[in-house]
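Colleague: Sequential numbering of the sequence shown, starting at 24, is according to this note's numbering. Here's a structure for you.
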Amino acid sequence: NIEANPLIIPDSYEGYSLSYFNLPLHYRNDLKSVLIPYGFVQDRIEALASRIFDDLHIGMPEQLICMCVLKGGYRFFSDLVSKIQNENRLRSDRSLPMSLEFIRTRSYINDQSSGSLEIIGLGDLNKIKNKNVLIIEDIIDSGITMVTLKEELEKFHPKTIRVASLITKRRKDKKCVFKPDYCGFEVPDHFVVGYALDYNEYFRDLEHICILKESGVTKYKV
Ligand code: 5GP
């Protein structure tokens, strides 16, 4: 009975002090705190992988198309897929075959949504016709990216589309318009980086999911 809904990180929690972690020297002064340590991310993904395996192996002798939303989703995608592979290796009674696809979306400029979504690499998506698709995304904020992406993919007539997102954000003012089928964590309304999530292409090379300092926001602004 593993939870497909997010583990909720409350507003009162501001993360761990940087002093407890080994962080790259080049980012140490730009971060406020470690919101979700790498090991915790891994444990939660392992639980999600079991849940996805249990839910989706049924009646699914055909491949599940796991669709990575680049660039931010690549670490979550890679770890989730490899943990589903572990399930496949360890379970002799059932299996979930997968194929892997990659697309790229971009909507953020600095730490704000630009309001328009760029989708790259939607060329030969006819292969998703009549197939089960699992979109694997890093973070859902307003939800507009996922609503738009799902609409685009529906045009190719897949059998089903499900969404796994590592994080959803609990927004202060506005409501999120999309709820994923599987979610790792719900976090307070901070701009987070690390574990492949970037700020203007910085911080992807950081293991832990961290909150940026105001000075970091200014330093890497374009
Ligand atoms: P939405 O369309 O849901 O508002 O935004 C989703 C996209 O915005 C994500 O795929 C991600 O690229 C970016 N995004 C939203 N919030 C954050 C955040 O806190 N940190 C980072 N690095 N990207 C974010």
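Using N, Cα and C, we set each Cβ at its ideal position, and we do this for glycine too.
State whether the segment 79 to 93 contacts the segment 49 to 59, with contact taken as three or more CB pairs (one from each stretch) at a distance under 8 angstroms.
Modeller: Because the criterion of three Cβ pairs below 8 angstroms is not met, the segment 79 to 93 and the segment 49 to 59 do not touch.
Colleague: Helix, strand or coil, according to DSSP, for residue 95 in the structure here?
Modeller: Three-state result, residue 95: coil.
Colleague: Do you know how far the Cα of residue 116 is from the Cα of residue 213?
Modeller: Rounded to whole angstroms, residue 213 to residue 116 spans 43 angstroms at the Cα level.
Colleague: Go ahead and pull the three-state DSSP assignment for residue 62.
Modeller: Helix.
Colleague: Below 6 angstroms CB to CB, which residues in the same chain sit around residue 57 once its five sequence neighbours on both sides are set aside?
Modeller: Closer than 6 angstroms at the Cβ level, and outside the excluded window around residue 57, lie 38, 39, 44, 231 and 233.
Colleague: How close, in whole Å, do the beta carbons of residue 210 and residue 192 come, if the pair is a contact with beta carbons under 8 angstroms?
Modeller: With a Cβ gap of about 6 angstroms, residue 210 and residue 192 count as contacting.
Colleague: Should residue 32 be counted as a contact of the ligand 5GP given a C-beta to heavy atom distance under 7 angstroms?
Modeller: No, the Cβ of residue 32 stays beyond 7 angstroms of every heavy atom of the ligand 5GP.
Colleague: Along the beta strand (DSSP E) that carries residue 207, what are the first and last residues, could you check?
Modeller: Segment 205 to 210, the beta strand (DSSP E) holding residue 207.
Colleague: Please work out which residues of its chain come closer than 7 angstroms, Cβ to Cβ, to residue 103, disregarding the five sequence neighbours upstream and downstream, and give them in chain order.
Modeller: 68, 71, 72, 159 and 187.
Colleague: Leaving aside the five residues before and after residue 249 along the sequence, list all residues of the same chain whose C-beta is less than 7 angstroms from its C-beta, in chain order.
Modeller: No information on residue 249 is available, as it lies outside the stretch 24 to 245 that the chain covers here.
Colleague: Answer yes or no: do residue 91 and residue 123 have a C-beta to C-beta separation smaller than 8 angstroms?
Modeller: Against a cut-off of 8 angstroms, the Cβ pair of residue 123 and residue 91 comes out as a contact.
Colleague: Just the C-alpha distance for residue 42 and residue 236, rounded to the nearest angstrom, thanks.
Modeller: C-alpha separation (whole angstroms): 15 angstroms.
Colleague: Can you tell me whether residue 239 is buried or exposed, with buried defined as 16 or more other CB within 10 angstroms of its CB?
Modeller: It is buried - the Cβ of residue 239 has at least 16 other Cβ atoms within 10 Å.
Colleague: Do we get a CB-CB distance below 8 angstroms when we pair residue 226 with the residues of chain C?
Modeller: The chain inventory of the structure shown lacks chain C, comprising one protein chain alone.
Colleague: So residue 33 and residue 206 are supposed to be a Cβ contact under 8 angstroms. How far apart are they, rounded?
Modeller: Not quite, the Cβ-Cβ distance comes to about 16 angstroms (not below 8 angstroms), so this is no contact.
Colleague: Give, in chain order, every unbroken run of the beta strand (DSSP E) that is at least 3 residues long and sits entirely within the segment 142 to 187.
Modeller: Counting whole runs of 3 or more residues, the segment 142 to 187 contains the beta strand (DSSP E) stretches 155 to 163.
Colleague: Residues in the same chain with beta-carbon distance under 6 angstroms from residue 27, minus the five sequence neighbours each way, listed in chain order, please.
Modeller: Correct list, in chain order: 74 and 205.
Colleague: Check residue 105 in the structure and name its three-state DSSP category.
Modeller: Helix, per DSSP.
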